[in-house]
Amino acid sequence: MLEQIEGSLGIAKAVALCRPGAVCAYPISPQTHIVENVGKLVKEGSLKDCEFINVESEFSALSVSIGASAGGVRTYTATASQGLLFMAEAVYNASGLGLPIVMTVASRAIGAPINIWNDHSDSLSQRDSGWLQLFCESNQDAVDTHIMAFKIAEEVGLPVMVCMDGFVLTHAFERLDIPEQELVDKFLPEYQPKEFLNPDEPISMGAMVGPEAFTEVRFLQQRKIASSLEVIERVSKEFNALTGRNSGGLLDCYNCENADVKLIIMGSSVGTAKDAVDELKEQGINAGIISLKAYRPFPYEAMRAAIGDTKKVVILERAFSFGARGILYPEVMRSIKGLDTQVNTAICGLGGRAVLGSTIKGLVDYALNDKFEDELTWFDIDTDTLNSYLKDKGISFPQGPISEKQLEASLKGAKA
Amino acid sequence: MLDEVKFYQTGSKTIGNRLLNPSMRAEQASIDRHNTLTSGHRACQGCGEALGARYALDTAMRVTNNQILVCNATGCLEVFSTPYPESAWRLPWIHSLFGNAAAVGTGLAAAARVRAKKTGSNVVPRVIAQGGDGGTTDIGFGPLSGMFERNDDVLYICYDNGAYMNTGVQRSSATPPAARTATTQLVGAEPGAEWGKGKDVPLIAMAHGIPYVATATVADPKDLEYKIEKAMSYHGSRYIQILVPCPLGWGCASNTTVTVARLACETGFYPVYEAEYGKITSVRKIRQKQPVENYLKIQRRYAHLTGKKADPKILARLQAMCDQNIKQYGLMSDDVPETVPTAIQAFERESNI
Numbered sequence: 001m002l003e004q005i006e007g008s009l010g011i012a013k014a015v016a017l018c019r020p021g022a023v024c025a026y027p028i029s030p031q032t033h034i035v036e037n038v039g040k041l042v043k044e045g046s047l048k049d050c051e052f053i054n055v056e057s058e059f060s061a062l063s064v065s066i067g068a069s070a071g072g073v074r075t076y077t078a079t080a081s082q083g084l085l086f087m088a089e090a091v092y093n094a095s096g097l098g099l100p101i102v103m104t105v106a107s108r109a110i111g112a113p114i115n116i117w118n119d120h121s122d123s124l125s126q127r128d129s130g131w132l133q134l135f136c137e138s139n140q141d142a143v144d145t146h147i148m149a150f151k152i153a154e155e156v157g158l159p160v161m162v163c164m165d166g167f168v169l170t171h172a173f174e175r176l177d178i179p180e181q182e183l184v185d186k187f188l189p190e191y192q193p194k195e196f197l198n199p200d201e202p203i204s205m206g207a208m209v210g211p212e213a214f215t216e217v218r219f220l221q222q223r224k225i226a227s228s229l230e231v232i233e234r235v236s237k238e239f240n241a242l243t244g245r246n247s248g249g250l251l252d253c254y255n256c257e258n259a260d261v262k263l264i265i266m267g268s269s270v271g272t273a274k275d276a277v278d279e280l281k282e283q284g285i286n287a288g289i290i291s292l293k294a295y296r297p298f299p300y301e302a303m304r305a306a307i308g309d310t311k312k313v314v315i316l317e318r319a320f321s322f323g324a325r326g327i328l329y330p331e332v333m334r335s336i337k338g339l340d341t342q343v344n345t346a347i348c349g350l351g352g353r354a355v356l357g358s359t360i361k362g363l364v365d366y367a368l369n370d371k372f373e374d375e376l377t378w379f380d381i382d383t384d385t386l387n388s389y390l391k392d393k394g395i396s397f398p399q400g401p402i403s404e405k406q407l408e409a410s411l412k413g414a415k416a
Numbered sequence: 417m418l419d420e421v422k423f424y425q426t427g428s429k430t431i432g433n434r435l436l437n438p439s440m441r442a443e444q445a446s447i448d449r450h451n452t453l454t455s456g457h458r459a460c461q462g463c464g465e466a467l468g469a470r471y472a473l474d475t476a477m478r479v480t481n482n483q484i485l486v487c488n489a490t491g492c493l494e495v496f497s498t499p500y501p502e503s504a505w506r507l508p509w510i511h512s513l514f515g516n517a518a519a520v521g522t523g524l525a526a527a528a529r530v531r532a533k534k535t536g537s538n539v540v541p542r543v544i545a546q547g548g549d550g551g552t553t554d555i556g557f558g559p560l561s562g563m564f565e566r567n568d569d570v571l572y573i574c575y576d577n578g579a580y581m582n583t584g585v586q587r588s589s590a591t592p593p594a595a596r597t598a599t600t601q602l603v604g605a606e607p608g609a610e611w612g613k614g615k616d617v618p619l620i621a622m623a624h625g626i627p628y629v630a631t632a633t634v635a636d637p638k639d640l641e642y643k644i645e646k647a648m649s650y651h652g653s654r655y656i657q658i659l660v661p662c663p664l665g666w667g668c669a670s671n672t673t674v675t676v677a678r679l680a681c682e683t684g685f686y687p688v689y690e691a692e693y694g695k696i697t698s699v700r701k702i703r704q705k706q707p708v709e710n711y712l713k714i715q716r717r718y719a720h721l722t723g724k725k726a727d728p729k730i731l732a733r734l735q736a737m738c739d740q741n742i743k744q745y746g747l748m749s750d751d752v753p754e755t756v757p758t759a760i761q762a763f764e765r766e767s768n769i
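Taken in sequence, the protein lines are chains W and Z. Counting from 1, one number per residue, gives the positions in the first sequence under my numbering. Counting from 417, one number per residue, gives the positions in the second sequence under my numbering.
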């Protein structure tokens with residue numbers, strides 16, 4: 001059914017359609033509206049046979065979820081930023097135990113300095129945790145990905161993090177097509193746990209494993225998550241057959257045929273990029289977008305195929321690995337080993353700084369006109385302020401269109 | 417050479433007497449006991465925690481007709497019972513993390529209710545979360561308090577041996593004053609654990625107003641079994657803290673586990689009582705009062721208090737602590753205390769000034 005609603009409400013409705021047995025909540029911006037809405041659905045009785053549990057920390061939110069999932073019910077929770085870090089120990093534990101929990105990460109920067117706005121540093125900090133990490137382009141993509149996430153998690157036997165951009169998606173009111181309950185029931189049957197804590201068939205979960213078997217356990221875990229590449233593709237196709245919507249998947253290409261440059265982007269910036277690319281096309285500039293949906297497992301083969309024989313690739317990265325560089329870059333390079341492709345990374349959109357159409361067009365311009373001086377570029381930054389602070393060498397990046405400066409400029413323009 | 421055979425049955429006040437009427441015997445004396453934690457696990461000789469866990473869970477299994485789910489915090493009990501590919505547990509059991517046993521318990525209880533509802537079953541498995549004092553009073557305290565506050569239907573059992581034994585005997589907030597641990601060594605002006613520190617979790621649990629709180633020791637299985645049975649008769653959050661001597665960490669002989677636990681009780685060092693909805697309802701009285709020295713002298717962690725170089729002032733201070741417990745909890749009176757006792761740390765801190 002089509003509705004004009006907030007992204008968070010859409011997610012809450014999607015989660016409710018999946019009929020979870022336990023939903024655990026602890027407030028952290030920007031995921032609060034999601035669990036608030038799920039809580040309401042449980043309390044008013046429209047989401048039946050589900051316990052909504054308000055806990056005292058994110059660590060407990062995921063720990064309660066671990067208990068509920070080990071107890072044999074479909075389990076959901078949500079978090080962001082500091083909250084994800086606070087529960088980090090349990091994040092690794094959930095995947096090690098092979099529990100198919102679905103958790104939304106309403107992606108947000110990590111402090112200090114404290115910042116509540118969107119980037120990808122929270123979810124990417126947990127990239128080695130053994131969870132599947134699926135990124136969403138739009139609220140419709142997020143609604144659909146949540147429904148698919150339960151199916152993928154339960155088939156693979158691993159938890160899934162659905163990463164959607166905080167505020168930009170969670171708080172945006174958009175037209176959403178919320179599937180009917182019948183359709184979701186058909187797609188996602190009632191949860192049948194492979195194994196759970198049951199007095200009739202007692203098992204011990206979470207044993208201590210020493211050096212004699214630990215590496216083998218890790219090997220099997222890697223095999224399991226690698227096998228989910230196929231599951232993600234298959235489940236997305238199945239969902240597409242039911243709804244006609246092209247949500248989820250490993251990655252999605254836009255305008256990639258004969259593109260002279262391809263931009264690799266995760267999350268909501270893809271939407272902005274698509275518009276920018278359309279505008280460029282009118283000017284005769286051919287740029288394609290590779291929207292990376294599955295970050296873990298990383299779809300190396302699909303990425304190589306998507307890049308194809310394009311000679312120039314720019315990765316838009318909304319997180320950073322201090323002391324190293326962009327986080328996506330090494331993964332992309334591994335995908336195209338042996339190919340003669342120039343790959344540059346642009347760090348932008350940190351801590352909620354808007355990724356604008358001009359950002360995308362600027363990156364295309366940089367790539368096509370060989371303006372990148374280094375593999376890594378900090379894009380759209382306030383060069384003037386930085387240079388007034390950096391008394392020594394200074395930096396030579398061009399001044400970026402940050403919103404305050406734009407506002408000042410427009411005010412000056414208006415006065416004139 | 418054969419040991420001299422001792423007959424406990426006459427003239428003693430010990431329990432577990434085999435000449436007792438069967439209904440008065442401890443469940444542990446029965447061959448029908450469940451052996452929830454079965455033999456072959458890797459606990460040290462004389463491990464109090466292994467005893468406590470088996471006593472408690474055997475009774476819980478009996479009173480719920482084997483409908484128990486257990487989640488275990490990280491610690492000795494978890495390590496010695498489940499080295500892959502072995503498990504000593506004869507019930508459904510999960511270990512997640514050090515500090516989250518209470519929260520995992522909440523999740524298990526929710527799942528058990530939802531599954532029963534969905535399958536139309538009227539049997540809802542009951543949940544027990546358990547951990548050592550480190551996992552309970554320190555690192556798991558936030559989730560524990562959260563579980564109490566929500567009154568989630570979980571019995572939490574703390575096996576209290578007064579230090580982080582699994583990592584090599586480091587101080588926890590349950591370590592008694594003057595006790596030697598690896599992080600409160602017998603050096604400096606105040607050897608052993610400092611005075612006026614620590615956390616009285618049973619009293620804190622009572623302050624949450626939860627249905628049932630009790631303390632117990634492995635010296636009195638009958639009392640412990642009664643408390644487990646009573647705890648399982650309630651729904652909501654329940655807390656039982658069991659004193660479980662650790663021969664390795666306490667420096668006592670492995671055949672003295674029960675003796676040491678009994679002396680902790682008989683000296684007033686460890687008040688044993690039960691409370692319902694925040695009020696103390698019964699107290700285990702001291703049978704034969706012992707001076708605290710008798711408790712201390714068989715443990716090497718207190719060797720500095722009883723030897724020739726011992727400072728009598730510290731011994732007197734510990735005796736005063738026991739006396740204060742006896743007074744506050746009415747351990748030697750006929751009555752149950754009408755007011756909730758004050759944490760012993762307050763007494764230590766106040767008398768410090």
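Every residue gets a Cβ at the ideal spot worked out from N, C-alpha and C, and that includes glycine.
In three-state terms, what does DSSP make of Gln-586(Z)?
-> For the purposes of this step, residue 586(Z) is taken as the residue at position 170 of the second sequence. Strand at Gln-586(Z).
Residues, ordered as in the chain, of the region 80-98 of chain W that lie near chain Z by beta-carbon distance below 8 Å = Flagged, chain order: Glu-89, Ala-90, Asn-93, Leu-97.
Looking only at its own chain, which residues have a Cβ that is under 8 Å from the Cβ of Arg-245(W), when we skip the five neighbours before and after it?
-> Translated into the one-based positions of the first sequence, residue 245(W) becomes position 245. Counting only Cβ-Cβ distances below 8 Å, and skipping sequence neighbours, we find Gln-140, Asp-144, Asp-177, Phe-239.
Just the C-alpha distance for Ile-769(Z) and Ile-760(Z), rounded to the nearest angstrom, thanks.
-> Numbered from its first residue, the second sequence carries residue 769(Z) at position 353. Numbered from its first residue, the second sequence carries residue 760(Z) at position 344. Because Ile-769(Z) carries a pLDDT of 44, less than 50, the predicted location of this residue cannot be relied on, and the following value inherits that uncertainty. Note on geometry: alpha-carbon atoms of Ile-769(Z) and Ile-760(Z) lie some 15 Å from one another.
For the alpha helix (DSSP H) holding Asn-741(Z), just list the boundary residues, first then last.
-> Numbered from 1 along the second sequence, position 325 holds the residue referred to as residue 741(Z). Looking at the DSSP string, the run of the alpha helix (DSSP H) that includes Asn-741(Z) is 728-745.
Taking DSSP as the reference, what is the three-state secondary structure of Thr-597(Z)?
-> Position 181 of the second sequence, counted from the start, is the residue given in the question as residue 597(Z). Correct three-state label for Thr-597(Z): strand.
Would you verify that the beta carbon of Met-748(Z) is, or is not, closer than 8 Å to some beta carbon of chain W?
-> Looking up residue 748(Z) in the second sequence gives position 332. Residue-level contact check: Met-748(Z) does not touch chain W, since none of the beta carbons of chain W fall below 8 Å from its beta carbon.
My understanding is that Asp-165(W) touches Ser-321(W), with C-beta atoms under 8 Å, so please give their C-beta distance in whole angstroms.
-> The sequence position of residue 165(W) within the first sequence is 165, counting from 1. The sequence position of residue 321(W) within the first sequence is 321, counting from 1. In fact, because the Cβ distance is near 20 Å, the residues do not count as touching under 8 Å.
With a cut-off of 8 Å on the beta carbons, I'd call Glu-443(Z) and Thr-475(Z) a contact; round off their distance for me.
-> For the purposes of this step, residue 443(Z) is identified with residue 27 of the second sequence, where counting begins at 1. For the purposes of this step, residue 475(Z) is identified with residue 59 of the second sequence, where counting begins at 1. Contact holds; Cβ gap of about 6 Å.
Between the region 524-538 of chain Z and the region 575-587 of chain Z, do at least 3 Cβ pairs fall closer than 8 Å?
-> The region 524-538 of chain Z makes no contact with the region 575-587 of chain Z: fewer than 3 CB pairs, one atom from each, lie closer than 8 Å.
Does DSSP classify Asp-278(W) as helix, strand or coil?
-> By one-based count along the first sequence, residue 278(W) stands at place 278. Looking at Asp-278(W) - three-state DSSP - the assignment turns out to be helix.
Using 7 Å as the cut-off, classify the Cβ of Ile-116(W) as near or not near the heavy atoms of the ligand ADP, replying yes or no.
-> Looking for the ligand ADP in the displayed structure turns up nothing, as the structure carries no ligands at all.
Would you list, in chain order, the members of the region 531-550 of chain Z that have their beta-carbon closer than 7 Å to a beta-carbon of chain A?
-> Of the chains in the structure shown, none is chain A; the protein chains are W and Z.
Give the interface partners of Pro-113(W) over in chain Z, defined as CB-CB distance under 8 Å, in chain order.
-> Position 113 of the first sequence, counted from the start, is the residue given in the question as residue 113(W). Pro-113(W) does not reach chain Z, its nearest Cβ partner there being about 26 Å away, counting only Cβ pairs nearer than 8 Å.
Residues from the region 570-583 of chain Z in contact with chain W, defined by Cβ distance under 8 Å = Listed by position, the residues of the region 570-583 of chain Z near chain W (Cβ gap below 8 Å) amount to none.
Straight-line Cα distance separating Arg-478(Z) from Phe-685(Z) | Here residue 685(Z) refers to the residue found at position 269 of the second sequence. Here residue 478(Z) refers to the residue found at position 62 of the second sequence. So the alpha carbons of these two residues sit roughly 31 Å apart.
For Phe-173(W), three-class secondary structure by DSSP | Residue numbering aside, residue 173(W) sits at position 173 when the first sequence is read from its first letter. Looking at Phe-173(W) - three-state DSSP - the assignment turns out to be strand.
Limits of the unbroken beta strand (DSSP E) element including Leu-2(W) | Within the first sequence, numbered from 1, the residue matching residue 2(W) stands at position 2. For Leu-2(W), the enclosing beta strand (DSSP E) begins and ends at 2-6.
Does Gly-562(Z) come within less than 8 Å of chain W when only Cβ atoms are used?
-> Your numbering for residue 562(Z) matches position 146 in the second sequence. By this cut-off, Gly-562(Z) is an interface position.
Does DSSP put Arg-654(Z) in a helix, a strand or coil?
-> Walking along the second sequence from the start, residue 654(Z) turns up at place 238. If DSSP states are grouped into helix, strand and coil, Arg-654(Z) belongs with the strands.
Are there 16 or more other CB atoms within 10 angstroms of the CB of Arg-765(Z), so buried, or fewer, so exposed?
-> By 1-based counting over the second sequence, the position of residue 765(Z) is 349. Residue environment: Arg-765(Z) is assigned as exposed (fewer than 16 neighbouring CB atoms within 10 Å of its CB, all protein chains considered).
Using a C-beta to C-beta distance shorter than 7 Å, which residues of chain Z count as neighbours of Ser-57(W)?
-> Numbered from 1 along the first sequence, position 57 holds the residue referred to as residue 57(W). Result: Gly-558.
Which residues in chain W sit within 9 Å of Asn-516(Z), going by Cβ to Cβ distance?
-> In the second sequence, counting from the first residue as 1, residue 516(Z) sits at position 100. Phe-59, Ser-60, Leu-62, Ser-63, Val-64, Ile-66, Gly-67, Glu-89, Ala-90, Asn-93, listed in chain order.
Could you name the residues of chain Z that Asn-45(W) contacts, counting a contact when the two beta carbons are closer than 9 Å?
-> Indexing the first sequence from 1 puts residue 45(W) at position 45. The amino acid at residue 45(W) is misidentified as Asn; the sequence shows Gly. By Cβ distance, chain Z contributes nothing, its closest Cβ being about 13 Å from Gly-45(W), past 9 Å.
Collapsed DSSP secondary structure at Arg-334(W) in the structure displayed | As a position in the first sequence, residue 334(W) is number 334, starting the count at 1. Residue state, collapsed to three classes: helix.
How far does the beta strand (DSSP E) with Arg-542(Z) in it reach, from first residue to last?
-> The count along the second sequence starts at 1 and reaches residue 542(Z) at position 126. Membership of Arg-542(Z) in the beta strand (DSSP E) is indicated by the continuous run 542-548.
In the structure shown, what three-state DSSP assignment does Pro-592(Z) receive?
-> Translated into positions along the second sequence, residue 592(Z) becomes position 176. Assigned with DSSP and collapsed to three states, Pro-592(Z) falls in coil, not helix or strand.
Based on the DSSP output, what are the partners of Asn-488(Z) in its beta bridges?
-> For this step, residue 488(Z) is matched to residue 72 along the second sequence. Asn-488(Z) pairs with His-511(Z), Gln-546(Z).
CA-CA distance, Val-35(W) and Phe-52(W)?
-> One-based indexing of the first sequence puts residue 35(W) at position 35. One-based indexing of the first sequence puts residue 52(W) at position 52. If I take the Cα positions, the gap works out to 9 Å.
Sequence-distant residues of the same chain with beta carbon closer than 6 Å to Ile-742(Z), five excluded per side = For the purposes of this step, residue 742(Z) is identified with residue 326 of the second sequence, where counting begins at 1. Within the same chain, Ile-742(Z) has close Cβ partners Gly-684, Met-748.
With 8 Å set as the bound, which would you pick, yes or no: does the beta-carbon of Gln-483(Z) sit closer than that to a beta-carbon of chain W?
-> One-based indexing of the second sequence puts residue 483(Z) at position 67. Chain W, which has a Cβ nearer than 8 Å to the Cβ of Gln-483(Z), makes this yes.
At a Cβ cut of 7 Å, what residues of the region 181-198 of chain W count as close to chain Z, listed as they run along the chain?
-> Residues passing the 7 Å Cβ filter: Leu-197, Asn-198.
For Ala-489(Z), which of Leu-453(Z), Gln-546(Z), Ala-519(Z) has the nearest alpha-carbon?
-> If you number the second sequence from 1, residue 489(Z) lands on position 73. Looking at the Cα atoms, Gln-546(Z) is the closest of the given residues.
Length of the line joining the Cα atoms of Val-289(W) and Asp-119(W) = Within the first sequence, the letter at position 289 stands for residue 289(W). Within the first sequence, the letter at position 119 stands for residue 119(W). Checking the sequence, you will find Ile at residue 289(W) rather than Val. Spanning the alpha carbons of Ile-289(W) and Asp-119(W) requires a straight line of approximately 19 Å.
Apart from the five residues on each side of it in sequence, which residues of its chain come closer than 7 Å, Cβ to Cβ, to Asn-54(W)?
-> Your numbering for residue 54(W) matches position 54 in the first sequence. Contacts found: Ala-25.
Tell me whether Met-103(W) sits in a helix, a strand or coil according to DSSP, three-state version.
-> As a working note, residue 103(W) is residue 103 in the first sequence. Reduced to three states, the DSSP call for Met-103(W) is strand.
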